[in-house]
Amino acid sequence: MSTGTGASDLLHAEDHGVDEIVAGKAPVAARSPLQLFWRRFRQDKVALTALAFIVLLIVIATLAPVIRSIAGAPEPSATSTDALDDFGLPSGPSSAHLFGVDDLGRDIFSRVLYGARTSLLVAFIGTGLSVLIGVTAGMIAGYFRGWVDTLIARVIDILLAFPVLLLGIGLASACSTKDGCLGGTLQPGLTIVIFIIVLSNWPYVARIIRGQVLSLREKEFVEASRSLGAGHGRIIFREILPNLVAPIIVYASLFIPANILLEASLSFLGVGVVDQPSWGQMLSKATTLLDTAWWYMFFPGMALLLTVLAFNLVGDGMQDALNPKSSKSR
Amino acid sequence: MAAYIARRLLWVGFLLFVISVITFVIFSVLPSGDPAVARAGRSPSPELVEVIRTQLGLDKSKPEQFIHYLGDLLPFVGGNGIYFGFSYQNNTDVLPEILERLPATVFLATGAVVLWLAIGIPVGMLSAVKTGTWMDRLAMGIALLFISAPVYFLGLVALILFSEDVGRFPILPGNSAYGEATSFAGKVEALIMPWCVLAAAFAAIYARFLRGNLIDTLQEDYIRTARAKGLSERRVIFRHGVRAAITPIVTLLGLDIGILLGGAILTETVFNIPGIGRYAYNAINLSDLPVIQGTVLFGAFFIVMMSLIVDILYAFIDPRVRY
Chain A
1 MSTGTGASDL
11 LHAEDHGVDE
21 IVAGKAPVAA
31 RSPLQLFWRR
41 FRQDKVALTA
51 LAFIVLLIVI
61 ATLAPVIRSI
71 AGAPEPSATS
81 TDALDDFGLP
91 SGPSSAHLFG
101 VDDLGRDIFS
111 RVLYGARTSL
121 LVAFIGTGLS
131 VLIGVTAGMI
141 AGYFRGWVDT
151 LIARVIDILL
161 AFPVLLLGIG
171 LASACSTKDG
181 CLGGTLQPGL
191 TIVIFIIVLS
201 NWPYVARIIR
211 GQVLSLREKE
221 FVEASRSLGA
231 GHGRIIFREI
241 LPNLVAPIIV
251 YASLFIPANI
261 LLEASLSFLG
271 VGVVDQPSWG
281 QMLSKATTLL
291 DTAWWYMFFP
301 GMALLLTVLA
311 FNLVGDGMQD
321 ALNPKSSKSR
Chain B
1 MAAYIARRLL
11 WVGFLLFVIS
21 VITFVIFSVL
31 PSGDPAVARA
41 GRSPSPELVE
51 VIRTQLGLDK
61 SKPEQFIHYL
71 GDLLPFVGGN
81 GIYFGFSYQN
91 NTDVLPEILE
101 RLPATVFLAT
111 GAVVLWLAIG
121 IPVGMLSAVK
131 TGTWMDRLAM
141 GIALLFISAP
151 VYFLGLVALI
161 LFSEDVGRFP
171 ILPGNSAYGE
181 ATSFAGKVEA
191 LIMPWCVLAA
201 AFAAIYARFL
211 RGNLIDTLQE
221 DYIRTARAKG
231 LSERRVIFRH
241 GVRAAITPIV
251 TLLGLDIGIL
261 LGGAILTETV
271 FNIPGIGRYA
281 YNAINLSDLP
291 VIQGTVLFGA
301 FFIVMMSLIV
311 DILYAFIDPR
321 VRY
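Protein sequence lines, in the order shown, are assigned to chains A and B.
FYI, the working numbering numbers position 114 of the first sequence as 114, with every residue one higher than the one before it.
FYI, the working numbering numbers position 316 of the second sequence as 316, with every residue one higher than the one before it.
So, in structure tokens, the structure goes:
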């Protein structure tokens with residue numbers, strides 16, 4: 001970039017603006033922040049493709065049993081010794097087993113299919129709960145300030161200083177006995193993974209939201225609303241919250257891939273999902289069969305990689321759409 | 001400055017206390033089963049369970065147990081130095097076992113850090129300067145791919161491609177070569193693959209981070225001033241741009257080093273490197289709770305210490321930090 005471009009950029013930008021106005025195609029209409037956000041996001045073809053992939057993935061995960069029976073694959077937990085050779089080693093991809101079978105003779109295609117359910121379920125529920133708690137805490141801290149703010153901000157600082165994966169491993173293994181934790185309310189498996197995700201994510205959400213609310217509450221439109229006699233509830237839900245929707249969506253979209261990876265990592269280490277098929281857990285079991293069954297690690301690994309990549313692409317696209325001045329767009 | 005450091009030290013002391021509380025809660029308050037049975041490992045004898053119960057005072061109240069636990073952790077209280085507990089599974093103290101494995105973890109982390117800085121920083125800078133070119137797009141595309149790939153999947157793919165035992169192109173020592181290596185050169189050779197795999201995602205994160213920072217920095221007014229003064233573009237970018245854009249990397253780096261020193265558990269597991277992470281992983285498989293608790297404490301300690309170092313360092317290198 002040379003020194004001259006700044007000025008010429010400005011000129012071009014003005015030309016462009018004038019063109020549009022003269023053409024007069026677009027009717028003058030108020031657009032909500034969310035609509036503007038979507039208009040910008042649509043321009044990013046890569047992110048849009050990734051979004052389509054995610055939608056497809058959600059459909060696949062929801063309809064996993066249907067797809068499994070159409071493909072003629074066995075149940076994910078059905079073991080079949082026929083698919084193992086004389087030495088008890090699993091057989092590779094074939095017409096009977098699209099992605100091959102694992103060490104117990106279970107169909108990998110069907111397990112990868114159901115693994116998508118586990119991954120998405122954990123990531124969506126975990127992220128959703130984190131956002132709910134984070135937004136509530138951040139909102140309370142930023143809006144009411146005072147001692148509540150001090151308290152919440154300190155708790156956030158402490159939680160952010162604590163190593164997530166370590167905390168998760170400790171918690172999951174301490175609760176992995178059959179009695180679980182807290183008198184059995186925290187059972188090993190899905191619940192504990194979601195609990196870890198929420199515990200580690202909400203401080204980030206709360207910190208971001210708190211910062212936003214601190215600046216939003218001083219804006220003129222909030223003052224105007226207050227002087228019209230609006231109460232706290234109205235100001236929070238009708239004035240401030242709508243302005244937070246776009247950033248919330250963006251941050252949620254960045255948390256989802258991280259949470260998919262966290263679930264997979266915990267399952268890989270043997271402290272995550274236990275009863276359902278999970279990609280991380282399959283990769284862990286595949287480690288010992290690396291020399292004889294490459295398909296065992298390849299298909300769940302690729303499923304994990306592509307899913308996380310798609311979410312990251314969408315997250316990137318959303319971040320650029322929210323903040324068009326920053327990094328990628330130029 | 002002194003006051004700032006003192007405040008940071010106080011905060012670290014407080015954090016360490018909170019960490020001891022949290023680990024105590026996780027391992028001694030939350031679990032619903034018999035704590036003595038949980039600590040004894042897999043299928044313990046009733047006698048062992050009774051021994052553990054009396055030894056750890058598990059029949060006492062929780063606050064008493066916590067004070068006991070705190071006394072064990074603090075070096076000059078409780079009469080047993082810094083004590084991280086005892087693994088009934090292996091009949092060993094936990095802390096010496098951790099320290100014995102520290103060198104392998106440090107070796108793995110150091111090599112990976114050097115590698116990812118050597119790749120991430122130049123790529124990030126180049127991408128920022130050449131924003132929008134095919135080079136930038138390609139580099140950022142590859143970076144996103146590495147960020148999305150879990151380190152154990154990358155590790156397994158690397159093993160199946162390049163390792164001497166199971167690889168298609170057997171050019172590098174395979175899984176568990178580190179433990180078998182006797183010479184320094186052998187250990188280095190055994191770590192080439194783990195270093196690359198561990199560094200891949202970090203290099204990608206650093207490149208993206210630096211690129212974003214540098215692009216933002218290059219739009220600042222003082223950069224325009226520097227250009228207007230007639231400085232060469234090279235000088236503007238390196239002396240004015242990179243200087244400011246790279247400082248936040250220090251924070252990131254410090255925290256990442258802290259996390260890795262606590263054990264690169266996933267990488268160590270895949271490549272069977274006898275470090276702290278592998279120790280923790282084995283303990284998980286054996287339900288050896290005292291070891292898991294010890295490694296969690298140890299890792300948390302490193303992370304807090306690194307964040308202290310980073311905060312102090314940062315105050316020195318970035319004059320904009322307010323004390």
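Don't be surprised by glycine CBs; every beta carbon is placed ideally from N, CA and C.
Under 9 Å by beta carbon: chain A residues contacting residue i
| i | result |
| --- | --- |
| B/Thr-247 | Going along chain A, no residue has its Cβ under 9 Å from B/Thr-247, so there is no contact; the nearest lies around 18 Å. |
CA-to-CA distance, residue j to residue i, given in whole angstroms
| i | j | result |
| --- | --- | --- |
| A/Val-112 | A/Ala-61 | 10 Å |
| A/Pro-76 | B/Phe-184 | 46 Å |
| A/Ile-108 | B/Leu-154 | 20 Å |
| B/Val-310 | A/His-97 | 53 Å |
| B/Asp-72 | B/Gly-132 | 57 Å |
| A/Ile-58 | B/Val-236 | 48 Å |
| B/Ile-246 | B/Val-129 | 14 Å |
| A/Asn-323 | B/Met-193 | 38 Å |
| B/Met-140 | B/Gly-81 | 50 Å |
| A/Arg-210 | A/Ile-140 | 8 Å |
| A/Ala-293 | B/Pro-173 | 20 Å |
| B/Thr-105 | A/Phe-221 | 55 Å |
| A/Phe-268 | A/Leu-151 | 36 Å |
| B/Gln-55 | B/Leu-261 | 31 Å |
| A/Val-274 | B/Gly-212 | 39 Å |
| B/Glu-64 | B/Leu-255 | 34 Å |
| A/Thr-3 | B/Val-242 | Only weak support is given to the placement of A/Thr-3: the predicted model assigns it a pLDDT of 40, under 50, and the question is left unresolved by the model. |
| B/Leu-99 | A/Pro-33 | 54 Å |
| A/Ser-176 | A/Ile-192 | 9 Å |
| A/Ala-303 | B/Lys-60 | 50 Å |
| A/Gly-115 | B/Gly-258 | 32 Å |
| B/Ser-127 | A/Leu-167 | 36 Å |
Partner residues on chain B for residue i, Cβ-Cβ distance less than 9 Å
| i | result |
| --- | --- |
| A/Ala-303 | Going along chain B, no residue has its Cβ under 9 Å from A/Ala-303, so there is no contact; the nearest lies around 10 Å. |
| A/Met-318 | Chain B residues near A/Met-318: none, gap ~14 Å exceeds 9 Å. |
| A/Gly-184 | Ser-32 |
| A/Leu-261 | Ser-148, Pro-150 |
| A/Asn-323 | Ordered by position in chain B, no residue passes the 9 Å Cβ test against A/Asn-323, which lies about 11 Å from the chain. |
Beta-carbon neighbours of residue i, restricted to chain B and to distances below 7 Å
| i | result |
| --- | --- |
| A/Val-308 | Ser-148 |
| A/Leu-290 | Leu-156, Leu-159, Ile-160, Val-166 |
| A/Thr-177 | Pro-31, Gly-33, Ala-38 |
Interface partners of residue i on chain B, CB under 8 Å
| i | result |
| --- | --- |
| A/Ile-169 | Ile-265, Ala-280, Ile-284, Ile-292, Val-296 |
| A/Pro-257 | Ser-148 |
| A/Ile-158 | Leu-15, Val-18 |
For residue j and residue i, believed in contact at Cβ under 8 Å, the rounded distance
| i | j | result |
| --- | --- | --- |
| B/Leu-156 | A/Met-297 | 5 Å |
| B/Tyr-279 | B/Glu-97 | 7 Å |
| B/Tyr-88 | B/Ala-40 | 5 Å |
| B/Val-12 | B/Val-304 | 6 Å |
| A/Leu-266 | A/Ala-172 | 6 Å |
| A/Trp-202 | A/Ala-137 | 7 Å |
| A/Ala-206 | A/Gly-128 | A/Ala-206 to A/Gly-128, Cβ: 15 Å. No contact. |
| A/Arg-117 | A/Ala-64 | 6 Å |
| A/Asp-103 | A/Leu-283 | With 8 Å as the limit, A/Asp-103 and A/Leu-283 do not qualify as a contact, their Cβ atoms being about 13 Å apart. |
Contact test: residue i Cβ vs the ligand MN heavy atom, cutoff 7 Å
| i | result |
| --- | --- |
| B/Thr-247 | You won't find the ligand MN in this model; it holds no ligand whatsoever. |
Status (buried if at least 16 other CB within 10 Å, exposed otherwise) for residue i
| i | result |
| --- | --- |
| B/Lys-337 | Here chain B covers residues 1 to 323 and nothing more, so residue 337 of chain B does not appear. |
| A/Ser-8 | With a pLDDT of only 43 at A/Ser-8, under the threshold of 50, the placement of this residue in the model should not be trusted, and no figure is reported. |
| A/Asp-320 | buried |
| B/Leu-289 | buried |
| B/Asn-175 | buried |
| A/Gln-43 | exposed |
| A/Gly-66 | In the sequence as displayed, the identity of residue 66 of chain A is Val instead of Gly. It is exposed - the Cβ of A/Val-66 has fewer than 16 other Cβ atoms within 10 Å. |
| B/Ala-36 | buried |
| B/Trp-134 | exposed |
Listed by chain order, chain D residues near residue i by CB distance under 7 Å
| i | result |
| --- | --- |
| A/Phe-195 | Absence of chain D from the displayed structure is noted, the protein chains being A and B. |
Contact list for residue i against chain A, beta-carbon separation under 7 Å
| i | result |
| --- | --- |
| B/Ile-142 | Neighbours of B/Ile-142 on chain A: none; closest Cβ ~11 Å, over 7 Å. |
| B/Gly-299 | Pro-163, Leu-166 |
Chain A contact residues for residue i, given Cβ-Cβ distances below 8 Å
| i | result |
| --- | --- |
| B/Gly-262 | Pro-163, Leu-166 |
Answer yes if the stretch 234 to 250 of chain A comes into contact with the stretch 178 to 187 of chain A, meaning at least three C-beta pairs across the two stretches below 8 Å, and no otherwise.
The stretch 178 to 187 of chain A vs the stretch 234 to 250 of chain A: no contact.
Is there contact between the stretch 128 to 148 of chain A and the stretch 213 to 228 of chain A, where contact requires at least three CB pairs shorter than 8 Å?
Using a C-beta cut-off of 8 Å, the stretch 128 to 148 of chain A makes contact with the stretch 213 to 228 of chain A, since at least three inter-stretch Cβ pairs fall below that distance.
Cβ pair count under 8 Å reaching 3, the stretch 299 to 315 of chain A against the stretch 251 to 264 of chain A
Verdict: yes, contact present.
Contact between the stretch 282 to 298 of chain B and the stretch 166 to 182 of chain B: three or more CB pairs below 8 Å?
No, because fewer than three Cβ pairs between the stretch 282 to 298 of chain B and the stretch 166 to 182 of chain B fall closer than 8 Å, the two stretches do not touch.
Just checking, does the stretch 262 to 276 of chain A make contact with the stretch 116 to 132 of chain A on the three C-beta pairs under 8 Å criterion?
Contact between the stretch 262 to 276 of chain A and the stretch 116 to 132 of chain A is present: three or more C-beta pairs spanning the two stretches fall below 8 Å.
Please determine if the stretch 196 to 214 of chain B and the stretch 112 to 121 of chain B are in contact, where contact requires at least 3 C-beta pairs separated by less than 8 Å.
Touching, yes, given that three or more Cβ pairs across the two stretches are closer than 8 Å.
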